[in-house]
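One structure is given below, encoded as structure tokens.
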Amino acid sequence: MNKPLALTGLNLDEPLLWEMGKEGRTGFSMPRRDVEPFPLDDDLAGEGPDFPDLNEMGVVRHYTRLSQWNFGVDTGMYPLGSCTMKYNPKINEKYSQMKGFAGLHPMLPASMTQGALRLMVELERFLKEITAMDVVSLQPAAGAQGELAGMLLIHAYLKSRNMKRNKIIIPDTAHGTNPASAALCGYRPVRVASGEEGILTPEAVARVMDGDTAGIMITNPNTLGLFEEHIEAISRIVHDKGGQVYCDGANMNAIMGMVHMGRSGVDVLHLNLHKTFATPHGGGGPGAGPVCVAKHLAPFLPVPRILEEDGLYSLSEDFPQSVGRLHSFSGNFGVMIKAYAYILSMGAAGLTKSSQLAVLNANYIKEKLKSVLHLPYDRPCMHECVFSDKFQRDQKITTLDMAKRLMDFGFHPPTIYFPLVVDGAIMIEPTETESLEEIDRFIEAFRIVAAEALESPDLLRGAPKRCRVERLDETQAARRPCLMG
Amino acid sequence: MRYLPHTREDIAEMLQVVGVDGLDDLFSTVPDGCLRHETLDLPEPLTEWELDDHMAALSEEGENVPDGGPRPRNFLGAGRYEHFIPESISYLLGRSEFTTAYTPYQPEMSQGTLQAIYEYQTLTARLLGMEAANASLYDGASALAEGLLMATRITRRKKVALSRLIHPHYRQVVQTYVDPAGLEIVELPFLENGRTDLSGLKGAEDLAAVAVQSPNFWGCIEDLGAMGDMCRENGALFITAFTEPLAYGILKNPGLQGAHIACGEGQSFGIPQWFGGPGLGMFACKCQYMRNMPGRLVGQTEDKQGRRGFVLTLATREQHIRREKATSNICTNSSLCALSAAMYMASLGGTGIKGLARLNYDKAAYLRESLRQAGFKIPFASPCFNEFVVEFPPDFDATYNRLLKKNMVAGLPLSPWYPELKHHYLLCVTETRTRADMDAFVKEVAS
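This is the structure we're talking about:
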């Protein structure tokens with residue numbers, strides 16, 4: 050105990066769990082022992098894990114203090130591009146905790162789970178309507194698993210038609226997970242560059258689309274925040290050569306009620322319930338990544354699927370062409386509850402308005418910041434806009450420096466260095482739930498940071514100064530990994 | 003709408019800055035053919051109070067438990083377990099600094115999540131006797147699939163052996179993941195004592211991995227030590243899976259028995275059953291394979307002032323840098339569920355987890371022995387944790403249905419997955435079942 054007492058005011062120090070605790074404490078109300086001990090073979094018995102013993106308040110203070118070192122949407126504006134950090138309604142949390150949902154075992158007889166199955170069927174219907182696709186599976190546990198589901202569907206569909214293909218087209222603006230998901234299906238990604246306007250041209254796709262290519266993975270709106278204006282022509286080119294069009298729907302928040310995805314030629318699309326449908330991101334999950342497909346892909350959807358017969362719902366695995374199962378059970382039901390409640394709170398007009406305001410907020414920021422930050426594609430954007438650090442490079446100030454300095458103003462930085470097509474990218478997605486006043490404060494903060502970059506660049510290089518810690522040594526962390534204490 | 007802050011004046015002012023006349027004009031780059039002209043066909047929006055009523059009714063539909071209503075006496079396990087969750091955990095998980103944050107890309111603003119996950123990794127590794135754990139994967143099934151893919155990358159072999167006593171759903175998920183990659187799965191049969199039969203493995207030198215679950219799908223505790231030895235001889239990686247991590251409160255851990263990778267489901271640790279999801283894919287391995295591990299990793303480091311801090315690390319394995327060569331396509335973890343598990347392990351402590359695991363073991367044994375005494379056949383002789391198989395008489399269907407009406411679920415019929423096990427049921431007991439519950443159950447099935 051030679052460490053000095055922390056004198057950090059409200060920013061309280063907190064040790065690691067195993068630096069605290071004394072044997073004999075407990076934070077758990079042990080259920081009554083109403084049976085006799087039964088012998089356990091010595092050769093099976095272990096010593097039990099080396100966990101610290103804490104009492105209940107010890108645990109509560111530990112996590113309360115850790116929570117205070119964190120920044121969430123409820124703390125402030127979190128304009129992390131491509132992640133749709135919108136407000137997460139509190140009432141939805143209550144619904145996910147209702148005993149009839151939270152305590153529901155997934156293998157109960159169907160007669161005992163009708164409410165849950167009805168909720169899923171109705172959510173499928175809502176998502177089908179919003180995306181204008183034909184059939185929905187809620188099973189994938191996250192966006193990346195939704196992508197994988199999409200690839201598996203295309204793989205299975207082509208196989209059913211005796212078409213073995215080895216490549217898939219992925220634009221340079223795609224999410225990083227796209228190539229990794231495609232690789233799991235054995236597809237070799239073929240990179241295609243977006244055109245001068247930041248979107249794909251039909252010519253570029255036509256040049257690489259051939260009889261050995263399974264299709265295209267396209268993100269629309271793309272990661273530059275731009276609508277892929279040639280999506281119909283691109284879909285036609287891919288279809289004409291026997292390929293399928295997969296759309297990464299991570300950016301659905303831009304287009305609800307405004308765009309008819311079904312008509313754009315998309316065959317399969319995944320959604321992120323934790324982005325578009327306001328379920329909390331949880332510090333990195335759990336989310337949910339439903340897949341929505343055109344009719345011809347429906348037979349291949351993951352099992353189990355929900356059947357309805359005489360007003361009774363049940364789960365069925367009897368789909369012989371299915372790609373199989375992706376989840377231990379039927380998907381992240383606890384997340385679905387919140388998305389379902391969100392859609393019922395918003396209704397058609399509310400969802401449409403959300404997308405309109407998300408796009409308005411992004412365009413407003415784009416207009417207000419383009420005099421101080423380089424805007425590589427000066428065109429109307431959707432729900433996010435992408436700048437770069439080109440104006441600051443003479444001062445040797447990088448995107449990272451500006452991001453860290455924004456923290457001192459109480460904002461979470463935008464997504465940085467993504468998409469890769471923009472050198473030093475700064476990707477800002479405000480979402481519709483930020484007010485004009487908050488957005489103006491963010492713009493003001495960024496303008497100050499941009500001015501500081503010219504006048505007092507060291508302020509940025511030394512940032513952040515007002516967080517729990519200063520800049521952390523990530524090189525050391527990777528060189529000598531210390532993953533456990 | 004209360005989630006949308008814009009007033010009419012705000013919108014007008016912002017439209018003017020953007021230089022368009024109306025909200026619809028913001029979509030001028032969308033080609034006509036893709037525009038939606040018809041309104042979305044969705045139910046009229048509900049007020050908070052209307053939605054309350056609607057959700058309450060839905061959560062009680064079927065024969066679910068009404069809030070505050072009697073608990074069902076459910077003897078169902080099979081990968082989802084009913085355990086008590088301390089209120090302090092539910093309360094702490096409501097801290098929205100945790101729930102409304104995202105993946106900690108900016109460590110200076112995310113030290114709470116990062117330290118908590120670092121602690122989760124540590125407790126997970128200690129529980130399983132392993133040297134490194136990741137920040138978690140989606141669920142037990144995907145964790146196993148990722149473990150097998152990892153083994154094929156390490157060994158460069160294309161064949162994996164899977165026990166038939168791994169949860170059938172997990173085996174299905176594995177099939178889905180490995181099929182397109184062209185990997186071959188060999189199925190290991192079971193012995194009469196309810197354990198995996200390894201005799202077919204002798205001399206098999208082309209295996210990337212051997213995977214077993216312990217306690218297995220029937221609740222039987224596998225002889226992991228013997229399996230570890232055999233894998234060492236074959237040069238295959240030994241993967242141990244689990245659906246009930248609480249078992250390692252009293253059982254010898256996988257690391258001590260030669261496991262290279264230990265992975266499975268962590269739902270038992272403070273996470274509600276939620277009709278099967280979200281769950282928690284726990285994943286740990288030996289140090290030498292750390293850089294081949296899928297998923298996020300949190301590591302300890304220092305800031306400019308030399309203060310301890312935490313960051314996401316070894317990102318060069320991940321898809322945003324490695325793209326198609328990444329160790330996995332997984333982008334996030336199951337962070338909030340990992341946090342629940344860490345809080346649960348911290349609340350129990352070393353003393354508590356031993357006590358609770360023992361209580362679960364003893365209670366399951368009590369029901370098993372009571373059923374045996376009542377004349378029912380317990381077909382598998384191996385020691386069990388929490389779950390066990392009973393062979394009921396051929397006319398048991400009627401009893402099962404009669405009990406359902408009394409809100410009592412007599413386990414899971416096994417014949418859909420094991421056709422040879424007609425009238426066999428998998429029963430589960432945790433600390434939530436009292437002796438009185440179990441006595442009443444035995445009385446009902448015996449009558």
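Listed in order, the protein sequences are those of chains A and B.
For the working numbering, add 49 to where a residue sits in the first sequence, where the first one is 1.
For the working numbering, add 2 to where a residue sits in the second sequence, where the first one is 1.
C-beta: ideal position from N, C-alpha, C; glycine also.
This one's a predicted model, so the numbers in the text were calculated from it and none came from an experiment.
Beta-carbon proximity list for residue i, same chain, < 7 Å, skipping 5 on both sides
i: Lys-71 of chain A; result: Asp-102
i: Arg-240 of chain A; result: Ile-219 and Asp-221
i: Gly-542 of chain A; result: As shown, chain A starts at 50 and ends at 534. That puts residue 542 of chain A outside it, with no answer to give.
Near the ligand ATP: residue i beta-carbon under 7 Å from a heavy atom
i: Leu-282 of chain B; result: In the structure on display, the ligand ATP does not appear, and there are no ligands present to speak of.
Boundaries of the alpha helix (DSSP H) in which residue i is found, first to last residue
i: Ala-397 of chain A; result: 382-418
i: Pro-170 of chain B; result: 170-180
i: Met-476 of chain A; result: Not the alpha helix (DSSP H): Met-476 of chain A falls in the beta strand (DSSP E), residues 475-477.
i: Tyr-402 of chain B; result: 398-407
i: Phe-436 of chain A; result: First-last for Phe-436 of chain A: 434-436, but that is the beta strand (DSSP E), not the alpha helix (DSSP H).
i: Thr-113 of chain A; result: 105-117
Counted within 10 angstroms of its Cβ, other Cβ atoms place residue i as buried (16 or more) or exposed
i: Pro-395 of chain B; result: exposed
i: Ser-365 of chain A; result: exposed
i: Trp-276 of chain B; result: buried
i: Ser-342 of chain B; result: buried
i: Pro-479 of chain A; result: buried
i: Ala-183 of chain B; result: exposed
i: Ala-228 of chain B; result: exposed
i: Gly-21 of chain B; result: exposed
i: Thr-524 of chain A; result: exposed
i: Met-440 of chain B; result: buried
i: Asp-438 of chain A; result: buried
Collapsed DSSP secondary structure at residue i in the structure displayed
i: Leu-549 of chain A; result: A question about residue 549 of chain A goes unanswered here, because the residues of chain A that appear run from 50 up to 534.
i: Met-284 of chain B; result: strand
i: Gly-184 of chain B; result: coil
i: Leu-48 of chain B; result: coil
i: Asp-305 of chain B; result: strand
i: Gln-123 of chain B; result: helix
i: Val-122 of chain A; result: coil
i: Val-518 of chain A; result: coil
i: Ser-330 of chain B; result: coil
i: Gln-194 of chain A; result: helix
i: Leu-28 of chain B; result: helix
i: Tyr-83 of chain B; result: coil
i: Leu-532 of chain A; result: coil
i: Val-498 of chain A; result: helix
i: Asn-300 of chain A; result: helix
Extent of the continuous beta strand (DSSP E) to which residue i belongs
i: Phe-244 of chain B; result: 239-244
i: Val-19 of chain B; result: Where Val-19 of chain B is concerned, there is no enclosing beta strand (DSSP E), although the alpha helix (DSSP H) it sits in stretches over 10-20.
i: Asp-297 of chain A; result: 293-297
i: Ile-446 of chain A; result: Looking at the DSSP string, Ile-446 of chain A is not in any beta strand (DSSP E), and its letter there is neither H nor E.
i: Tyr-363 of chain B; result: No beta strand (DSSP E) contains Tyr-363 of chain B, which is instead part of the alpha helix (DSSP H) from 337-375.
i: Pro-238 of chain A; result: 237-241
i: Val-573 of chain A; result: The displayed coordinates of chain A run from 50 to 534. Any statement about residue 573 of chain A would go beyond what the structure contains.
i: Phe-312 of chain B; result: 310-314
i: Asp-161 of chain B; result: According to the sequence shown, residue 161 of chain B is Lys rather than Asp. Residues 161-165.
Cut-off 6 Å between Cβ atoms - residues of its own chain near residue i, not counting five sequence neighbours on either side
i: Ala-211 of chain B; result: Leu-150, Ala-153, Val-162, Ala-238, Leu-239 and Ile-241
i: Leu-508 of chain A; result: Glu-501
i: His-461 of chain A; result: Phe-120 and Tyr-127
Own chain, CB closer than 8 Å to residue i, minus 5 neighbours either side, in chain order
i: Leu-115 of chain A; result: Glu-63
i: Pro-47 of chain B; result: Met-3
query: Of all the residues that make up the segment 338-363 of chain B, which are near chain A by a beta-carbon distance shorter than 9 Å?
result: Here the close residues are Leu-338, Cys-339, Ala-340, Leu-341, Ala-344, Met-345, Tyr-346, Met-347, Ala-348, Ser-349, Leu-350, Gly-351, Gly-352, Thr-353, Gly-354, Ile-355, Lys-356, Gly-357, Leu-358, Ala-359, Arg-360, Leu-361 and Tyr-363.
- request: Mind checking the segment 256-275 of chain B against chain A and listing, in chain order, the residues whose C-beta falls within less than 8 Å of any C-beta there?
  value: For the segment 256-275 of chain B, the set of positions with a beta-carbon nearer than 8 Å to some beta-carbon of chain A reads Leu-258, Glu-267, Pro-274 and Gln-275 in chain order.
query: Which residues, taken in chain order from the segment 197-228 of chain A, show a beta carbon closer than 7 Å to some beta carbon of chain B?
result: Answer in chain order: Leu-197, Leu-201, His-204, Gly-225, Thr-226 and Pro-228.
field: Contact list for the segment 302-322 of chain A against chain B, Cβ threshold 8 Å
entry: Result list: Ile-304, Met-305, Gly-306, Met-307, Val-308, His-309, Met-310, Arg-312 and Ser-313.
message: Can you pull out the residues from the segment 518-533 of chain A whose beta carbon lies closer than 7 Å to at least one beta carbon of chain B?
response: Within the segment 518-533 of chain A, the residues whose Cβ lies closer than 7 Å to some Cβ of chain B are Val-518, Glu-519, Arg-520, Leu-521, Asp-522, Glu-523, Gln-525, Ala-526, Ala-527, Pro-530, Cys-531, Leu-532 and Met-533, listed in chain order.
Proximal residues, the segment 159-182 of chain B versus chain A, C-beta separation under 8 Å: Near chain A, meaning a CB-to-CB distance below 8 Å, the residues of the segment 159-182 of chain B are His-169, His-171, Tyr-172, Gln-174, Val-175, Gln-177, Thr-178, Tyr-179, Asp-181 and Pro-182.
- request: Residues of the segment 394-406 of chain A with a CB closer than 8 Å to any CB of chain B: list them in chain order, please.
  value: From the segment 394-406 of chain A, only Ser-394, Met-395, Gly-396, Ala-397, Ala-398, Gly-399, Leu-400, Thr-401, Lys-402, Ser-403, Gln-405 and Leu-406 have a Cβ closer than 8 Å to chain B.
- request: Using a Cβ-Cβ cut-off of less than 9 Å, list which residues of the segment 76-94 of chain A approach chain B; keep chain order.
  value: The segment 76-94 of chain A vs chain B, Cβ under 9 Å: Gly-76, Phe-77, Ser-78, Met-79, Pro-80, Arg-81, Arg-82, Asp-83, Val-84, Glu-85, Pro-86, Phe-87, Pro-88, Leu-89, Asp-90, Asp-92, Leu-93 and Ala-94.
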